[in-house]
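S.K.: Take this structure first; my questions come after.
There are 2 protein chains.
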Amino acid sequence: MSKTPQYAEVNQESLYRIFTIPEAPDSTLGRIEKHLSENLMGFLGEHIVAREKPLQAIEQDFQGATVPEDPQFVSDHTEFLLDKLVAHSVHTASPRFIGHMTSALPYFLLPLAKLMVGLNQNLVKIETSKAFTPLERNVIGMLHHLVYQRDGDFYRRWMHSAQHSLGAFCSGGTVANITALWVARNQLLKPTNGFAGIAADGLAAGLQHYGYQRLTVMVSERGHYSLAKAADVLGIGRKNLIAVPTDHNNRVQIAALREKCQQVEADGGKVMAIIGVAGTTETGHIDPLEEMAEVAQQVNAHFHVDAAWGGATLMSSRHRQLLAGIELADSVTIDAHKQMYVPMGAGLVLFKDPSAVRAIEHHAEYIIRHGSKDLGAHTMEGSRSGMAMMVFSALHVIGRRGYELLIDNSIEKAHYFADLIRQQDDFEVITDPELCLLTYRYVPEPVKHVLEQGNAEHIKRLTPHLNALTRYIQKRQREDGQSFVSRTKLTPHQYHSEPTVVFRVVLANPLTTEAMLADVLAEQRKIASRATSLLGALYTEMRELG
Amino acid sequence: MSKTPQYAEVNQESLYRIFTIPEAPDSTLGRIEKHLSENLMGFLGEHIVAREKPLQAIEQDFQGATVPEDPQFVSDHTEFLLDKLVAHSVHTASPRFIGHMTSALPYFLLPLAKLMVGLNQNLVKIETSKAFTPLERNVIGMLHHLVYQRDGDFYRRWMHSAQHSLGAFCSGGTVANITALWVARNQLLKPTNGFAGIAADGLAAGLQHYGYQRLTVMVSERGHYSLAKAADVLGIGRKNLIAVPTDHNNRVQIAALREKCQQVEADGGKVMAIIGVAGTTETGHIDPLEEMAEVAQQVNAHFHVDAAWGGATLMSSRHRQLLAGIELADSVTIDAHKQMYVPMGAGLVLFKDPSAVRAIEHHAEYIIRHGSKDLGAHTMEGSRSGMAMMVFSALHVIGRRGYELLIDNSIEKAHYFADLIRQQDDFEVITDPELCLLTYRYVPEPVKHVLEQGNAEHIKRLTPHLNALTRYIQKRQREDGQSFVSRTKLTPHQYHSEPTVVFRVVLANPLTTEAMLADVLAEQRKIASRATSLLGALYTEMRELG
């Protein structure tokens, strides 16, 4: 593309030109936009997951540590971006990218994204958002209904009420979880006779006033790392986020939960919150939410459900039951940018009680004044974009029945893949799918036979070798860029809780085919066959077992 | 636009179609995109700030509290959005929208926004971002250099280092400020012999171990409300965010700051952080940062500078000096979505010491593992979009000299407006601009004469009436939708700190003309002239003063 006089002289006139509406579509910017669009479609059409280029080489293109002195032509800059950035981005929309919770986007969201960014609304306050504020409250209301199923009167009364909020829209699940626990903490150490409340007086004063040695939060050992972050940020301390053991399906053990709660109370501590996980990040399993709600009620703790990933399952009539009990939660986290197919940056926390957000209410003199409907009075973040529009549009254009089909198909595909893995002599499923997530690993056939005997000593000695092999295969496959699965480390019951590295797949992309899944296994087997030194060490260990 | 078979049947084939690349540009989606683009350009071309429609009426369009059962045609949904949402959004890009820090965007960012959203990268980890990770580190490096001006070796050594980070990219200034204070808190109550550190053990244990009665944060009484939120979230308590009195230019009084620090220490408390404001939200003034840094050093406190709005001033050779001392800060907040003309959702916190982020480091088994370059190990948020690209592009296409011109012109325009106000018989400047922000109000000429005599009793009795009038004018002007200024409540020294409601303008939009500013005053005068009952009460009070 040739140089264009779009803007590259530093004078007022040429500078102001970049802020004035370009004459579409044959303007310079119109041509650049078309070029970008075509390139983006080309990128999204490639069924690879990444180009092979080491990170260190990419870093060379991003070295200049000073703000460039002189302006660059938009056309030149665009070429730089396409060549150095886009070409070396990850094809998260590729149907062969099945390693993380980011997958394909419906294409109708892309022009809407441009609209959303172009409008540049700020949802912290009505004065910079107007209709976007009722829209966001509407989105929160719809997801609140998805979880809590209250009647029409409830939503007519609370959805648009200035003093209330059915939840908070935020950038993602981490902020949603922190917000939920912030509310829980502030409600527990609330203002009362002789105490102005934790928000005003601080945590130490709150503990002292209420006579608690410490606050604790209970969550399964499979809980998301953001909860440890929340415990840190909120001043509770990561040690007070208590990991409760799970059963062989990675679900919290209720007896163990009760016991941990009793221990805490016996020691003068207080169980501030119990967190149920509805779709663990690593294995996709769902905690027994109803029973957890009961325990929470018994110990008078806030019950939060982290359904960041699994929450969308509520749209499936067939699978909704898996999350039974979620409606008992005081708060629920759902990420629209996971199984709701919305672009990155759309998380929500929902509150059963429309007044719960009072515990974290903030005001100022120039915005979010008392009595205003400004959303910023009840959010952790301040200025926020109009991302809620993307959720609103996805809900309308896909519809509940559309989501249901997507979710049912994903789960079915995960079961198909688990069966396919089981049919192989040299792979094994480590955790079965409950939703569309499963873990597995490559194990050479002879090793598999040894493991099946269940000898603890043998498992202990072989596992590190298998872990090294799994790590190697995962890295090599990612670098080759044809397909991508992620990896994590679990403590499977069938292997006596020996720390075990596994492949992890999330089958949410509707375009992932059965043939592609077979390809993934074939590629992994091929990579394994070339890992001669790792295999050598594994077989040597095998021989030494006798 | 007619109904199209884009997607409105719930079957696998039609559903999957929304995830497959549309044949541009004459496809249905291509036509919808063109239609949206034209509408957006039309919206952005209107020099009004909002259409007149009461919020209650808008809320009627966003009432349905259940997820729609059936899918809607994209074309139908688009019409709904244009009619019900876009038409009733706020024209934040209008040159007559001068009330908040959100202003115009350069148009080249819009096609890039579509690219950014379409790529759907997740910057929490390399596996879902690849080249976007070095790019974001590069952006952080450039802004770090803008503040700290370290040499090339420094950036070569630290910018891309896995164990370090020169800052954290986040959704906005609030999260940036919370992150900065989180680091300050965790560094203060760090692990040491016999104590695992606050991150692990919690705030109460940290206070006890180090023997502090309480932690406090010092900031001018003009500090942003997000700091109170940070004090709440972090468990410090809002009462321990101590508001230090300001001088007649809304700058922190150093003597008062020293005194407050001494009081806290005398009472067994600890000054955890001192916060300098570089561009207060309400008046745009800059604290004496060098002197504050000195005090911070004396009391061994973390020195943070909240330059969310004013930070971009560092790109102006002429005005950079106003922020002298910012390079002494341990951390600095800058919002790119304010004076850097980037869309909503781009905040940064920068750290002088590349190791500072260790205090808030988090890891997991499946991502942000030890030794990885995953950005998520050092951020408050988890999943994040590729917004850093927008900052990167704006820095390159506008260049430092381009920003300099924009900033210099904005400040000049603010001085012009202040002079214009001073020339009026019935307006008065309340706070003069230091950057491009000023406050003023309408005061009928006879009242102005009375106020000028400086009688405290007269001021006390007239101010409430003037406040009601200012409020009325601001609301009415906003509702009329021709132009928009915001309002806040200050305690001006010239009026014996009597709480005074003022108009607040931020003159960052390069397309705002001098004529438009004259129009704003003319419109306000006209609205005032019709406020007969408020004026009546004011004049009655005047008469009663005798």
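Chains B and H, in that order, are what the protein sequence lines are.
The first sequence maps to residues 1 to 546 in my numbering.
The second sequence maps to residues 1001 to 1546 in my numbering.
Yeah, the Cβ is synthetic: ideal placement off N, Cα and C, and Gly gets one too.
#1: Please classify His378(B) as buried or exposed, where buried requires at least 16 neighbouring CB atoms within 10 angstroms.
#2: Can you list the residues of chain B that Thr1333(H) reaches, using a CB-CB cut of under 8 angstroms?
#3: So, for Gly345(B): in the same chain, excluding its five sequence neighbours on each side, which residues have a beta-carbon less than 6 angstroms away from its beta-carbon?
#4: Compile a chain-ordered list of the residues in the segment 1343 to 1358 of chain H whose CB is closer than 9 angstroms to at least one CB of chain B.
#5: Leaving out the 5 sequence neighbours to the left and right, which residues in its chain are closer than 7 angstroms to Glu1541(H) when beta-carbon positions are compared?
#6: Residues of chain B with CB closer than 7 angstroms to the CB of Gly1382(H), please, in chain order.
#7: At the 8 angstroms Cβ level, is Ile1018(H) part of the contact set with chain B, yes or no?
#8: Confirm, please, whether the CB-CB distance from His1047(H) to Thr1095(H) is below 8 angstroms.
#9: Beta-carbon within less than 7 angstroms of Leu314(B)'s beta-carbon, same chain only, minus the 5 sequence neighbours each way: which residues are those?
#10: Does DSSP put Asp1306(H) in a helix, a strand or coil?
#11: Can you list, in chain order, the residues of its chain whose CB lies under 7 angstroms from that of Leu135(B), leaving out five sequence neighbours each side?
#12: Check whether the Cβ of Lys1190(H) lies closer than 8 angstroms to any Cβ atom in chain B.
#13: Within the same chain, show all residues whose beta-carbon is closer than 6 angstroms to that of Pro1005(H), passing over the 5 residues directly before and after it, in chain order.
#14: For the alpha helix (DSSP H) containing Phe1080(H), name the first residue and the last one.
#15: Can you tell me the Cβ-Cβ gap for Val264(B) and Thr216(B), rounded? I've got them flagged as a contact below 8 angstroms.
#16: Taking the continuous alpha helix (DSSP H) assigned at Thr1133(H), which residues delimit it?
#17: Mind checking Glu457(B): buried by the 16 CB within 10 Å criterion, or exposed?
#18: I want to see whether chain H comes within less than 8 angstroms of Phe169(B), judged by CB atoms only; does it?
#19: The alpha helix (DSSP H) with Cys547(B) in it runs from where to where?
#20: Distance, Cα to Cα, Phe1132(H) vs His337(B)?
#21: Which ranges would you report for the alpha helix (DSSP H) in the segment 1154 to 1205 of chain H if only whole runs of at least 4 residues count?
#22: Going by C-alpha distance, which of Asp1070(H), Glu1445(H), Leu1044(H) and Pro1068(H) is nearest Phe1097(H)?
#23: Under the criterion of a Cβ to heavy atom distance below 7 angstroms, does Phe19(B) qualify as lining the ligand MG?
#24: Enumerate, from N- to C-terminal direction, the unbroken alpha helix (DSSP H) stretches of 4 or more residues contained entirely within the segment 396 to 455 of chain B.
#25: Please identify the residue among Lys260(B), Glu259(B), Arg251(B) and Tyr225(B) whose C-alpha is closest to the C-alpha of Gly276(B).
#26: Roughly how many angstroms separate the alpha carbons of Ser2(B) and Met1041(H), rounded to a whole number?
#27: Tell me the residue span of the beta strand (DSSP E) that contains Ile1242(H).
#28: So with CB distances below 8 angstroms, who are the chain H contacts of His88(B)?
#29: Three Cβ pairs or more, each shorter than 8 angstroms: is that satisfied between the segment 508 to 523 of chain B and the segment 411 to 429 of chain B?
#30: Would you decide whether Gly1211(H) is buried or exposed? Buried here means 16 or more other CB atoms lie within 10 Å of its CB.
#31: For Ser1317(H), go through chain B and note every residue whose CB falls closer than 8 angstroms to its CB, in chain order.
#32: At what residues does the alpha helix (DSSP H) containing Leu119(B) begin and finish?
#33: May I ask which residues mark the beginning and end of the alpha helix (DSSP H) holding Arg1031(H)?
#34: Is the distance from the Cβ of Arg504(B) to the Cβ of Gly99(B) below 8 angstroms?
#35: Going straight from the alpha carbon of Leu1166(H) to that of Ser1129(H), what length do you get?
#36: Hey, could you find the ends of the beta strand (DSSP E) Thr488(B) is sitting in?
M.R.: Answer, in terms of the structure:
#1: With 16 or more other Cβ atoms inside 10 Å of its own Cβ, His378(B) counts as buried.
#2: Going along chain B, no residue has its Cβ under 8 angstroms from Thr1333(H), so there is no contact; the nearest lies around 11 angstroms.
#3: Ser171 and Met387
#4: Pro1343, Met1344, Gly1345 and Gly1347
#5: Only residues of its own chain outside the window of five on either side were considered, and among them Arg1461, Leu1462 and His1465 have a CB closer than 7 angstroms to the CB of Glu1541(H), listed in chain order.
#6: For a Cβ distance threshold of 7 angstroms, residue set Gly172, Gly173, Thr174 and Ser226 of chain B lies close to Gly1382(H), ordered along the chain.
#7: yes
#8: With the sequence shown as reference, residue 1095(H) is identified as Pro, and Thr is not the correct amino acid for it. Yes, Cβ-Cβ distance for Pro1095(H) and His1047(H) is below 8 angstroms.
#9: Leu146, Val147, Arg320 and Leu323
#10: Residue state, collapsed to three classes: strand.
#11: Ala388, Met389 and Phe392
#12: Lys1190(H) does not count as touching chain B.
#13: The predicted model places Pro1005(H) with a pLDDT of 43, which falls under 50 and marks its position as unreliable; any figure quoted below should be read in that light. Once the five neighbours on either side are set aside, Pro1005(H) has no close Cβ partner at all.
#14: Looking at the DSSP string, the run of the alpha helix (DSSP H) that includes Phe1080(H) is Val1074 to Phe1080.
#15: Contact check for Val264(B) and Thr216(B): beta-carbon distance about 5 angstroms, within the 8 angstroms limit, so the pair qualifies.
#16: For Thr1133(H), the enclosing alpha helix (DSSP H) has its first and last residue at Phe1132 to Tyr1148.
#17: Its Cβ having fewer than 16 others within 10 Å, Glu457(B) is exposed.
#18: no
#19: No statement about residue 547(B) is possible, as the shown extent of chain B runs from 1 to 546 and does not include it.
#20: 18 angstroms
#21: Taking 4 residues as the minimum length, the alpha helix (DSSP H) runs contained wholly in the segment 1154 to 1205 of chain H are 1173 to 1188 and 1198 to 1201, in order along the chain.
#22: Leu1044(H)
#23: The ligand MG is absent from the structure shown, which contains no ligand whatsoever.
#24: 445 to 452
#25: The option with the nearest alpha carbon to Gly276(B) is Arg251(B).
#26: Residue placement at Ser2(B) is flagged as unreliable, the pLDDT there being 38, under the threshold of 50; the coordinate-derived value follows with that caveat. Looking at the two C-alpha atoms, the distance is approximately 25 angstroms.
#27: Leu1241 to Val1244
#28: Lys1130 and Ala1131
#29: yes
#30: exposed
#31: Chain B residues near Ser1317(H): none, gap ~11 angstroms exceeds 8 angstroms.
#32: Leu109 to Leu119
#33: Thr1028 to Gly1045
#34: yes
#35: 19 angstroms
#36: Ser486 to Leu490
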